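First residue of the sequence shown? That's 665 in this note's numbering, and the numbers climb one at a time after it. For glycine and all other residues, C-beta sits at the position ideal for the given N, C-alpha and C. All values reported here derive from a predicted model rather than from experimental measurement.
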Amino acid sequence: MYMEKQEVLIVDDDEINLKMLSSICKKDWKTYTANTAEHALKLLGDVKPDIILLDVVMPGIDGFELCSILKKRRQTKNIPIFFITADTDKVNEKKGLSVGAVDYLTKPFNAEVVKSRIRNQLELEKYRKNLEHLVKLKTLELENTKEALIAAMAIMAEYRDNDTGMHIKRTGYYFKCLACRLKEKFPEKLNDNNIDLMSQSATLHDIGKVGITDKILLKCGDLTGKEYNAIKNHTLIGRDILKRTEEFIGPSKFLRFAREIVEFHHERYDGAGYPHGIKGEEIPLSAQIMSIIDVYDALRSKRPYKKAMSHKEAVKIITIGDDRIKPSFFSPLVLNAFIECASDFEYIHLELQEKKEKDHSVNTTKQTLM
């Protein structure tokens, strides 16, 4: 089997050293040379060597500075670097290792020692890359498992609702859409990683409903005061479920966001919500976002006790209010962001509705043919 030669870049302002090292390396590895740091940087725009041999003392940008530059760049930070030097001073050796070099090659060069050290380092790098690949595979496996568990928990919470699957998907898409719109306002809280975690955890917002009886949850008429209080308790039931989950598997950012959303998504910015009646910025940002999403999706969804509303009607109620919902329920920043991306919400709803109808049609056809 043909194996492509690994590549070595030699950077040295001394022409003799360049030729000598190139002669030592070229039989075993594809070799590139550069006589200045600037030349090396330009070359590294086109090639990605497996190892770099770098002179310490050079005019302009010296070896230490070039090494620091390369270790800060995503494309070159993992390339092993050997420093070339005649200086065996321990202070310089320590400095070189501190800026990211893996070893030193001292002048005059011993060809066998040079080749042996390069081979050893390339072998280590091969093992590092293989380990990195295995870690990525294991991480992906764990991520897939986590997503399956999230979906299972979310479905369990909504099991008595025929719209379960689409509701879970809509919630995640709505959350990501709205959070991305708010990203500039909250750059630290809403970085890409947090948005992904919050969007996933948002699907668990009603997990506490597993503790509410069908008699109350699916009731078509008006709820009594006692029944309404029981419904409100789903936020605390959900919080306790996630707390116990965290005690079992250990703390995680995902579960922290999930607890925030589950416990506080029915709180209102003006203090009119439940279960604690907190207001304003006392409410976690994740729950502020979920609050408006939950109201929108509830208005758009058919329930045993009501018909589904159109997108236009739902937006009007959220922004202007009616006898039950007021704009003051929501953070002004979150409400403005919702208005800005309302058309995206409509698109998400329609796309998933079409998918649901198509899937239903396929399933009906299959049943007919069976």
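Where does Leu-887 sit, in a helix, a strand or coil, going by DSSP?
coil
Sequence-distant residues of its chain with Cβ nearer than 7 Å to Lys-759 (five each side left out)
Phe-728
Report the partner residues of Glu-671 according to the DSSP bridge assignment.
Lys-694
So, under 8 Å CB-CB, Ser-955 and His-929 are touching, yes? Tell me the CB distance rounded to an integer number of Å.
5 Å
Would the beta-carbon of Leu-900 fall within 7 Å of that of Pro-939?
yes
If you draw a straight line from the C-alpha of Ile-716 to the C-alpha of Lys-800, how long is it?
26 Å
Kindly indicate which residue of Ile-989, Ile-942, Pro-915, Leu-887 has the alpha-carbon position closest to the one of Tyr-969.
Leu-887
Suppose you measure from the CA of Thr-828 to the CA of Pro-851; what does that come to, to the nearest Å?
Bear in mind that the predicted position of Thr-828 carries a pLDDT of just 49, short of 50, making it unreliable; the figure below should be weighed with that in mind. Between Thr-828 and Pro-851, the C-alpha separation is close to 32 Å.
For the alpha helix (DSSP H) containing Phe-928, list its first residue and its last residue.
917-928
Under the assumption that Ala-704 contacts Val-675 (Cβ atoms under 8 Å), give the Cβ distance between them as a whole number of angstroms.
4 Å
Does Val-979 pass the burial test, meaning 16 or more other C-beta atoms within 10 Å, or should it be called exposed?
buried
Can you say whether Val-926 is buried or exposed, counting buried as having 16 or more other CB atoms within 10 angstroms of its CB?
buried
Kindly indicate the opening and closing residues of the beta strand (DSSP E) around Leu-854.
Unbroken run through Leu-854: none, as it is neither H nor E.
Range of the contiguous alpha helix (DSSP H) that encloses Tyr-768
Not the alpha helix (DSSP H): Tyr-768 falls in the beta strand (DSSP E), residues 767-770.
State the Cα-Cα distance for the pair Ser-780 and Asp-856, rounded to the nearest angstrom.
44 Å
Below 7 Å between beta carbons: does that hold for Ser-865 and Ala-922?
yes
Cβ of Pro-834 within 7 Å of Cβ of Asp-961?
In the sequence as displayed, the identity of residue 834 is Arg instead of Pro. Contact: yes.
Cα-Cα separation between Thr-909 and Val-766, rounded to whole angstroms:
43 Å
Range covered by the alpha helix (DSSP H) that runs through Leu-705
701-707
Residue of Thr-770, Ile-743, Pro-744 minimising C-alpha distance to Asn-756
Thr-770
Cα separation between Thr-695 and Lys-683?
11 Å
To the nearest angstrom, how far is it from the Cα of Asn-784 to the Cα of Lys-741?
19 Å
Cβ neighbour criterion (16 or more within 10 Å) applied to Thr-877
exposed
How far does the alpha helix (DSSP H) with Phe-728 in it extend, from its first residue to its last?
727-736
Would the beta-carbon of Phe-918 fall within 7 Å of that of Leu-854?
no
To the nearest angstrom, how far is the alpha carbon of Asn-774 from that of Lys-736?
31 Å
CA-CA distance, His-975 and Glu-1010?
6 Å
Determine the DSSP secondary structure at Met-684, reduced to helix, strand or coil.
helix
Tell me which residue opens and which closes the beta strand (DSSP E) that Thr-749 is part of.
745-749
Return the CA-CA distance between Tyr-791 and Thr-697, expressed in angstroms with no decimal places.
26 Å
Looking at the unbroken beta strand (DSSP E) that takes in Leu-718, where does it start and where does it end?
715-719
Which of helix, strand or coil does DSSP assign to Lys-712?
coil
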